[in-house]
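Contents: one structure, followed by commentary.
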């Protein structure tokens with residue numbers, strides 16, 4: 001077996017897929033550890049390795065229209081961007097992220113990819129726990145980033161104006177803990193994503209029970225110690241959707257869609273009530289309704305977005321040394337590197353068209369997976385339920401964070417969109433996806 005064959009083996013592909021998930025999910029921690037130049041080198045080498053390993057799947061690298069339009073709009077925004085150099089670099093990163101997402105998910109079966117997602121999130125979770133243990137036991141105090149990454153541009157201050165720490169060393173003091181990513185909200189999301197994929201692979205019996213149960217306990221503990229209000233609210237919504245999915249599975253065929261409509265209606269009502277009574281809800285989890293100064297940031301973003309309907313150009317994370325981003329942060333009185341809302345950031349960077357495309361992607365992504373859930377019976381696969389829960393978690397988090405547009409967030413958007421059949425494709429629903437989580441029924445698919 002030559003080196004090309006070994007590089008294209010299933011084991012190498014799986015390893016590279018897990019690694020890119022870890023790298024994109026926990027990128028901030030790696031930038032803190034080695035700095036941006038070393039992180040860039042690692043990313044380039046990883047992308048090159050994936051390109052070589054998944055070369056047979058290059059022929060399937062075709063983006064659905066909404067995803068292609070969004071990436072194309074981001075690329076075109078270089079023409080009118082207020083920060084052309086930053087936009088050019090950000091577009092290259094987005095295209096690279098999109099490429100690795102497409103080839104890895106196309107080159108892996110749906111069931112197998114769920115396991116790889118679980119492993120990637122699990123490793124990210126364990127990295128965070130290891131750092132917190134080191135800070136609490138060895139350092140016994142705050143751990144500061146060895147490398148400054150881009151934090152020096154904000155004078156090493158976070159959104160609240162406090163000095164940035166990698167870990168505050170509060171593991172044995174009840175938290176909050178920040179994990180490898182250096183931020184409690186993203187670390188709480190890592191715990192939630194780990195729990196979602198863990199439950200699905202456990203239900204599918206794809207991973208050992210002891211492995212998953214131990215990981216779920218760790219994820220639950222991390223969630224409690226991050227004290228992330230947005231993750232707590234998201235987890236409650238996901239619990240309700242999961243109960244509804246099991247109810248639908250046990251309903252007779254004639255009643256499934258009726259139950260589904262009721263669930264969707266109740267979800268919409270719950271969303272409205274959450275917005276209306278946000279003071280009381282976030283008060284229950286010891287958070288103010290301003291969500292740590294986010295409302296002032298949102299006001300500045302809306303004002304800037306209204307000035308340019310075409311957008312200021314795609315940048316991903318804000319170049320806070322350039323206008324309008326510097327001015328928005330100054331006027332808001334906080335230091336921010338994104339809008340803390342993916343939809344507002346899409347509007348700001350890519351205009352009304354970008355916002356419309358992102359909304360369309362989210363709606364189609366949810367609809368594609370949910371229509372499989374509402375057709376499922378007892379004994380069918382739980383993989384589409386996993387897609388649905390991951391989509392909802394990602395979307396709800398995007399209301400207070402903009403990471404859905406960059407790094408692991410965008411990777412997951414592409415993966416989830418490509419996993420389920422497209423809603424408006426003029427074909428019948430593939431019953432094999434409903435029952436087994438894989439398109440068609442072949443021996444190769446069954447092995448995956």
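In the UniProt record's numbering, the protein residues as written are 1 to 448. Ideal placement from N, C-alpha and C gives every residue a C-beta, glycine not left out.
For the candidate residues 242, 229, 399, whose alpha-carbon lies nearest to that of residue 187?
-> Here residue 187 is taken as the residue at index 187 of the chain shown, counted from 1. Comparing Cα positions, the closest option is 229.
Any idea what DSSP makes of residue 402, helix, strand or coil?
-> On the chain shown, position 402 is the one that residue 402 refers to. The answer is coil: DSSP assigns residue 402 none of H, G, I, E or B.
Rounded to whole angstroms, how far is the Cβ of residue 329 from the Cβ of residue 336, which I believe are closer than 8 Å?
-> To locate residue 329, count along the chain shown from 1; it is residue 329. To locate residue 336, count along the chain shown from 1; it is residue 336. Correct: roughly 5 Å between the Cβ atoms.
Can you tell which of 325, 15, 370 has its C-alpha closest to the C-alpha of residue 256?
-> In the chain shown, counting from the first residue as 1, residue 256 sits at position 256. Taking only the C-alpha atoms, the option nearest residue 256 is 370.
Exposed or buried, which one is residue 239 when buried takes at least 16 other CB atoms within 10 Å?
-> Taking the first residue of the chain shown as position 1, residue 239 is located at position 239. Exposed, because fewer than 16 other Cβ atoms sit within 10 Å of the Cβ of residue 239.
Does the stretch 116-133 come close enough to the stretch 65-80 that 3 or more CB-CB pairs lie under 8 Å?
-> Touching, no, given that fewer than three Cβ pairs across the two stretches are closer than 8 Å.
Contiguous alpha helix (DSSP H) assignments of at least 4 residues, all confined to the stretch 69-114 | 84-106
Which of helix, strand or coil DSSP assigns to residue 163 = In the chain shown, residue 163 corresponds to position 163, counting from 1. DSSP places residue 163 in strand when its eight states are reduced to three.
Taking the alpha helix (DSSP H) that residue 223 falls in, what are its first and last residues?
-> What you label residue 223 is simply residue 223 of the chain shown in a count that begins at 1. Element bounds for residue 223: 209-226.
For residue 272, which three-state DSSP category applies?
-> As a position in the chain shown, residue 272 is number 272, starting the count at 1. The answer is helix: DSSP assigns residue 272 an H, G or I state.
Could you check how far apart the C-beta atoms of residue 76 and residue 94 are, in whole angstroms? I think they sit under 8 Å.
-> Here the question's residue 76 lines up with position 76 in the chain shown. Here the question's residue 94 lines up with position 94 in the chain shown. So it is not a contact: roughly 12 Å between Cβ atoms.
Can you tell me which of the three DSSP states residue 143 falls into?
-> Residue numbering aside, residue 143 sits at position 143 when the chain shown is read from its first letter. Three-state DSSP puts residue 143 in a strand.
Whole-angstrom Cβ separation of residue 215 and residue 198, contact assumed at under 8 Å?
-> Position 215 of the chain shown, counted from the first residue, corresponds to residue 215. Position 198 of the chain shown, counted from the first residue, corresponds to residue 198. Correct: roughly 5 Å between the Cβ atoms.
Alpha helix (DSSP H) segments (min. 4 residues) lying fully within the stretch 330-408 = As far as the stretch 330-408 is concerned, its whole alpha helix (DSSP H) runs of at least 4 residues are 342-373, 383-397.
Applying the criterion that 16 or more other CB atoms from any shown protein chain within 10 Å of the CB defines a buried residue, is residue 260 buried or exposed?
-> The count along the chain shown starts at 1 and reaches residue 260 at position 260. It counts as buried.
Rounded C-alpha distance that separates residue 353 from residue 394 | Translated into positions along the chain shown, residue 353 becomes position 353. Translated into positions along the chain shown, residue 394 becomes position 394. Taking the straight line joining both Cα atoms gives about 21 Å.
Should residue 113 and residue 105 be called a contact, given that it needs their Cβ atoms to be closer than 7 Å?
-> Position 113 of the chain shown, counted from the start, is the residue given in the question as residue 113. Position 105 of the chain shown, counted from the start, is the residue given in the question as residue 105. Cβ atoms of residue 113 and residue 105: closer than 7 Å.
Boundaries (first-last residue) of the alpha helix (DSSP H) holding residue 14 = For the purposes of this step, residue 14 is taken as the residue at position 14 of the chain shown. 10-25 is the extent of the alpha helix (DSSP H) around residue 14.
Give a yes or no on whether the C-beta atoms belonging to residue 407 and residue 83 are separated by under 7 Å.
-> For the purposes of this step, residue 407 is identified with residue 407 of the chain shown, where counting begins at 1. For the purposes of this step, residue 83 is identified with residue 83 of the chain shown, where counting begins at 1. No. Outside cutoff.
Assuming residue 382 and residue 203 make a contact with CB atoms under 8 Å, what is their CB distance in whole Å?
-> If you number the chain shown from 1, residue 382 lands on position 382. If you number the chain shown from 1, residue 203 lands on position 203. Indeed, because the Cβ distance is near 4 Å, the residues count as touching under 8 Å.
Within 10 angstroms of the Cβ of residue 303, are there 16 or more other Cβ atoms? Answer buried if so, exposed if not.
-> Here residue 303 refers to the residue found at position 303 when the chain shown is read from its first residue. Answer is exposed; the Cβ neighbour count stays below 16.
With a Cβ-Cβ cutoff of 7 Å, do residue 180 and residue 220 count as a contact?
-> Within the chain shown, residue 180 is the residue found at index 180, counting from 1. Within the chain shown, residue 220 is the residue found at index 220, counting from 1. Not closer than 7 Å, so no.
Answer with buried or exposed for residue 413, where buried requires no fewer than 16 other C-beta atoms within 10 angstroms of its C-beta.
-> Position 413 of the chain shown, counting from 1, holds the residue named residue 413. Buried, since its Cβ has 16 or more Cβ neighbours within 10 Å.
Any 3 or more C-beta pairs closer than 8 Å across the stretch 362-378 and the stretch 311-318 = no
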